[in-house]
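Residue numbers (UniProt numbering): 1 to 386. What follows is a set of notes on a single structure, which appears directly below.
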DNA sequence: TAGAATT
């Protein structure tokens with residue numbers, strides 16, 4: 001774990017000397033890292049709360065001074081590392097690394113709610129601008145959650161290459177409060193790629209900006225710009241989800257795709273569930289170790305698949321979305337505790353066709369769903385040790 | 001013509 005934390009914390013002084021971050025000394029960083037490693041090796045800190053949550057006069061919890069949103073987190077940062085980093089500042093009331101509901105992958109942001117507003121302020125001053133691997137994290141107060149601030153992100157294309165981020169903000173600021181803006185640049189030359197993002201505070205502000213600016217030429221520009229709502233990266237299409245699952249599966253089974261034989265195996269993975277039958281029994285057998293296993297299927301309904309290590313929050317929709325892309329699914333079931341109604345950690349999926357079921361198993365067995373590794377196999381006639 | 005910003 002220490003190695004993990006060290007790996008994440010390739011701490012560098014932010015390049016931007018205007019950042020408040022620049023005032024923090026190396027001694028402070030080393031203290032933070034030291035604290036983190038102590039906490040990690042000691043496990044989670046205590047849960048006693050000397051101060052209760054701040055309660056406003058109308059009875060609602062007011063966390064506007066304690067609750068932070070953290071953006072631009074490294075993709076591979078875990079909840080544990082996230083908590084360690086922010087726990088090094090002060091006592092945390094709650095924190096959450098936000099993950100994709102289906103794939104379990106980090107969405108690159110999270111929330112930290114401190115017990116003490118002073119610690120929230122300290123976290124902003126200390127950790128905003130911290131470089132973790134290739135990312136520079138942003139730490140700021142979370143706005144109160146509401147529907148009006150969702151889906152307020154715009155994708156802008158056709159921008160003049162000479163237009164700066166500041167220019168773009170100036171153009172859009174007439175429609176509302178801008179939360180973030182970004183112009184994408186060529187990684188080698190650093191020249192604008194003519195596309196960017198603008199996130200407004202409110203969705204209706206974003207709508208007005210589309211009405212006012214889509215198809216318009218900025219002052220002095222030769223071409224009109226396109227302004228539309230950005231795709232939501234957490235709402236992946238079935239195809240994108242599949243690609244991600246296959247990439248994970250292919251990496252597990254073949255490692256980096258350097259060899260022709262491995263490329264061929266990936267082709268098999270990709271083609272099979274789109275109905276292009278270039279099915280290789282050897283590939284499947286090597287991945288699922290079916291030899292000698294006593295299967296229950298096919299029953300009248302199809303092939304029954306056992307899925308183990310689901311989270312207590314798992315529901316049927318997760319199973320549909322995990323297995324659906326591989327072919328015909330006729331039934332899914334999450335096994336729940338009778339009293340709590342939480343998932344007991346496993347479920348079943350029935351698929352009509354053997355090859356599609358085998359492909360789903362080959363791809364999803366060992367698949368990491370959040371911080372859990374799924375075990376997926378054909379259901380056997382023997383009672384599973386669970 | 002594509003970022004991981006509302007639990």
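Virtual Cβ for every residue (Gly too), placed ideally from N, Cα, C.
Distance between residue 109 and residue 133 (C-alpha atoms, nearest Å): Residue 133 and residue 109 have their alpha carbons spaced roughly 15 Å apart.
Residue 198 versus residue 354 - alpha carbon distance: 47 Å
Reduced DSSP secondary structure (H/G/I, E/B, other) of residue 292: Caution applies to residue 292, whose pLDDT of 38 falls short of 50 and renders its modelled position unreliable; the value that the coordinates give is listed next. The answer is coil: DSSP assigns residue 292 none of H, G, I, E or B.
Under the three-state DSSP convention, the category residue 106 falls into: strand
Through-space distance from residue 193 to residue 176, alpha-carbon basis: 25 Å
Beta-carbon proximity of residue 303 to residue 351, cut-off 7 Å: yes
Member of 142, 146, 183, 148 whose CA lies at the smallest distance from the CA of residue 161: 183
Proximity of residue 158 and residue 223 at Cβ, strictly below 7 Å: With respect to the 7 Å criterion, residue 158 and residue 223 are classified as neighbours on the basis of their beta carbons.
Contiguous beta strand (DSSP E) assignments of at least 3 residues, all confined to the stretch 96-171: 106-114, 138-141, 153-157
N- and C-terminal bounds of the beta strand (DSSP E) containing residue 375: Going by DSSP, residue 375 is part of the beta strand (DSSP E) stretching over 375-378.
Enclosing beta strand (DSSP E) for residue 347 [first to last residue]: 343-351
Residues of its chain near residue 135, where Cβ-Cβ distance is below 7 Å and the 5 sequence neighbours each way are ignored: 72, 73, 74
First through last residue of the beta strand (DSSP E) which encompasses residue 318: Premise fails: residue 318 lies in the alpha helix (DSSP H), 316-323, not in any beta strand (DSSP E).
For residue 306: DSSP bridge partner residues: 348, 377
For residue 190, the three-state DSSP class (helix, strand or coil): Residue 190 falls in the coil class under three-state DSSP.
Buried or exposed by the 16-neighbour rule on C-beta atoms within 10 Å, applied to residue 123: buried
Cβ distance (whole Å) where residue 115 is taken to contact residue 128 below 8 Å: That belief does not hold up - the Cβ atoms of residue 115 and residue 128 are roughly 20 Å apart, past 8 Å.
Residue from 144, 86, 80 whose Cα sits closest to the Cα of residue 130: 86
C-alpha distance - residue 215 paired with residue 225, whole-angstrom precision: 5 Å
C-beta contact flag for residue 99 and residue 370 at 7 Å: yes
Spatial distance of residue 307 from residue 322 (CA atoms): Using only the alpha carbons, I get a separation of about 11 Å.
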